[in-house]
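Visitor: Per the numbering used here, the sequence shown runs over residues 637 to 955. A virtual CB, placed ideally from N, CA and C, is assigned to each residue, including glycine.
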Amino acid sequence: MSEADETRDGVALTNLDQPLSDRDDATKRDLVDYLDAVREPILGQLRDRPLSVIRVRPGQPPFMQKNLPRYTPDWVRRTPVWAEASHREISYALCDDRRTLLWFANQRAVEYHPTLATVADLHRPTHLVLDLDPPEGDGFRAAVDAALLVRQALADAGLVGAVKTSGAKGVHVFVPVTGEATAEELAAATRALAVRAERLDPALATTAYIREDRGGKVFVDATRSGGATVVAAYSPRLRPGMPVSFPVDWADLTQVTPADFTIRTVPALLAGTDPWVARLPDPQQIPADLVTEGRAIPVARVQAMHEGKRRARARRETT
637 MSEADETRDG VALTNLDQPL SDRDDATKRD LVDYLDAVRE PILGQLRDRP LSVIRVRPGQ
697 PPFMQKNLPR YTPDWVRRTP VWAEASHREI SYALCDDRRT LLWFANQRAV EYHPTLATVA
757 DLHRPTHLVL DLDPPEGDGF RAAVDAALLV RQALADAGLV GAVKTSGAKG VHVFVPVTGE
817 ATAEELAAAT RALAVRAERL DPALATTAYI REDRGGKVFV DATRSGGATV VAAYSPRLRP
877 GMPVSFPVDW ADLTQVTPAD FTIRTVPALL AGTDPWVARL PDPQQIPADL VTEGRAIPVA
937 RVQAMHEGKR RARARRETT
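(1) Going residue by residue through the segment 835 to 871, where are the continuous beta strand (DSSP E) segments of at least 3 residues, counting only ones entirely within it?
(2) Could you pull out every unbroken alpha helix (DSSP H) segment of at least 4 residues lying fully inside the segment 671 to 717, listed in chain order?
(3) Considering Cα atoms alone, identify which of A662, D767, L758 is closest to R744.
(4) For P716, I'd like the list of residues in its chain whose CB is within less than 8 Å of its CB, leaving aside the five on either flank, ordered along the chain.
(5) Suppose contacts are defined by Cβ-Cβ distances below 8 Å. Is G646 in contact with R714 by that definition?
(6) Can you tell me whether DSSP reads Q743 as helix, strand or coil?
(7) Measuring straight from C-alpha to C-alpha, what distance separates D653 and V902?
(8) Take V786 and list the residues in its own chain whose beta-carbon comes closer than 6 Å to its own, dropping the five residues that flank it on each side.
(9) When the Cα of G851 is compared with those of P709, P655, A839, D857, which residue comes out closest?
(10) Using a Cβ-Cβ cut-off of 7 Å (strictly less than) and excluding sequence neighbours within five positions of A823, which residues of its own chain qualify?
(11) Just curious, the alpha helix (DSSP H) that L766 is in, first and last residue?
(12) Residue range of the beta strand (DSSP E) that E816 falls in?
(13) Would L656 pass as an interface residue toward chain C - the criterion being a Cβ-Cβ separation below 8 Å?
(14) Mind checking who R644 pairs with in its DSSP beta bridge?
(15) Under a three-way DSSP split, which group does E929 fall into?
(16) Could you tell me whether the segment 784 to 801 touches the segment 748 to 762, where touching means 3 or more Cβ pairs closer than 8 Å?
(17) Starting from P812, follow the alpha helix (DSSP H) in both directions and report where the run begins and ends.
(18) Alpha carbon to alpha carbon, how far is W718 from A864?
(19) DSSP three-state label for P879, please.
(20) Under a Cβ-count criterion, where at least 16 other Cβ atoms within 10 Å of its own Cβ denotes burial, should G794 be classed as buried or exposed?
(21) Bridge partners for E725 per DSSP, in chain order?
(22) Alpha carbon to alpha carbon, what distance is there between R691 and R946?
(23) For V807, count neighbouring Cβ atoms within 10 angstroms of its own Cβ and tell me buried if that reaches 16, exposed if not.
(24) Once the 5 residues before and after A844 are set aside, which same chain residues still bring their CB inside 6 Å of it?
(25) DSSP beta-bridge partners for A798?
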């Protein structure tokens, strides 16, 4: 075993001193050490949830892995999920323990994207999520302002959420929900909340799914529902500086930047605590009127698909 190799919890860790990617000066050891240091809080977000990861290999572009490779150890827990889009069964990992997390780290899995539902019932998400995605450039403050609109829309509906940085340039608002709501009902409620947030300040926020229609505004993304995934709290992101998706108190949201939370700073910020769990409110029941309102709002991806086809026909007819 070379100096760049070691074993932890029965997992052989290799090439630890190699650069992780060409986007940052972090090494594979930095990634392994970070994930091991925050294993308890991040495992709390991954446990029992089908997991997709973004991996990076030397000299190759990053890629998202859903289906476990054939060489995955037998002790990695997994669950089969039917993928409607590709018409095949996907073998997803369930990252439930330190050993599995270390194995993923050794595979250069940088980002961790669990489903919003657990294997107990993949048709009933445990959270409603709104993703605030600012336009290109340094738009984090605009995303924060849009998150505050979402907070107001939630309050108007009698709901409360918790907020975290996405680890990239945006902000995520999570609302824990009770087990009664189906994925379809939650998706409808999410669309309604997004539209309500947009109405509060249409100069700042938009629900336009097609990027060219957003006009430099923050996209209030209501598509994180059903079988969608969202990057986990405490997950690194494959960005310069290796930022981390990190929970923030609403009162502090306007005072932080994504660069405040990186694989180098977060272990000390946590110091054995789990602020995401501490800030998440208790599960709430989704108001029926919110679901009814949302069902009248077109599904963004479907609407965008039809609009794309319409525009393509229009272009053909003018040439």
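Guide: Working from what's here:
(1) Unbroken beta strand (DSSP E) runs of no fewer than 3 residues, entirely contained in the segment 835 to 871, are found at 854 to 857, following chain order.
(2) As far as the segment 671 to 717 is concerned, its whole alpha helix (DSSP H) runs of at least 4 residues are 675 to 682.
(3) For the purposes of this step, residue 744 is taken as the residue at position 108 of the sequence shown. Checking every option, the nearest Cα to that of R744 belongs to A662.
(4) In the sequence shown, the residue the question calls residue 716 occupies position 80. Counting only Cβ-Cβ distances below 8 Å, and skipping sequence neighbours, we find E725, I726, S727, Y728.
(5) Working through the sequence shown from its first residue, we reach residue 646 at position 10. Working through the sequence shown from its first residue, we reach residue 714 at position 78. Contact: no.
(6) For the purposes of this step, residue 743 is identified with residue 107 of the sequence shown, where counting begins at 1. Q743 falls in the coil class under three-state DSSP.
(7) Your numbering for residue 653 matches position 17 in the sequence shown. Your numbering for residue 902 matches position 266 in the sequence shown. Separation of D653 and V902 (C-alpha to C-alpha, rounded to the nearest whole angstrom) is 21 Å.
(8) As a position in the sequence shown, residue 786 is number 150, starting the count at 1. Around V786: L766, V809, A833.
(9) Here residue 851 refers to the residue found at position 215 of the sequence shown. Nearest option by C-alpha distance: A839.
(10) Translated into positions along the sequence shown, residue 823 becomes position 187. Only S861, G862 meet the Cβ criterion.
(11) The residue you call residue 766 lines up with position 130 of the sequence shown. Per DSSP, L766 is not a residue of any alpha helix (DSSP H); the beta strand (DSSP E) it occupies stretches across 763 to 769.
(12) In the sequence shown, the residue the question calls residue 816 occupies position 180. That residue, E816, is in no beta strand (DSSP E); it is neither H nor E in DSSP.
(13) Within the model displayed, chain C is absent; a lone protein chain is all it includes.
(14) Looking up residue 644 in the sequence shown gives position 8. Checking the DSSP bridge columns, you'll see R644 partnered with V647.
(15) Residue numbering aside, residue 929 sits at position 293 when the sequence shown is read from its first letter. Looking at E929 - three-state DSSP - the assignment turns out to be helix.
(16) Segments in contact, no.
(17) Within the sequence shown, the letter at position 176 stands for residue 812. Segment 807 to 812 is the beta strand (DSSP E) holding P812; no alpha helix (DSSP H) there.
(18) What you label residue 718 is simply residue 82 of the sequence shown in a count that begins at 1. What you label residue 864 is simply residue 228 of the sequence shown in a count that begins at 1. Approximately 13 Å between the Cα atoms of the pair.
(19) Taking the first residue of the sequence shown as position 1, residue 879 is located at position 243. P879: strand per DSSP, three-state reduction.
(20) As a position in the sequence shown, residue 794 is number 158, starting the count at 1. Under this definition G794 is an exposed residue.
(21) Here the question's residue 725 lines up with position 89 in the sequence shown. E725 is bridged to W718.
(22) On the sequence shown, position 310 is the one that residue 946 refers to. On the sequence shown, position 55 is the one that residue 691 refers to. Only weak support is given to the placement of R946: the predicted model assigns it a pLDDT of 49, under 50, and the value that follows is read from those uncertain coordinates. One C-alpha to the other measures close to 37 Å.
(23) Taking the sequence shown and counting its residues from 1, the one referred to as residue 807 is at position 171. By the neighbour-count criterion, in which 16 or more other beta carbons inside 10 Å mark a residue as buried, V807 falls on the buried side.
(24) In the sequence shown, the residue the question calls residue 844 occupies position 208. Cβ within range, chain order: R850.
(25) In the sequence shown, the residue the question calls residue 798 occupies position 162. For A798, which the question treats as bridged, DSSP gives the partners F810.
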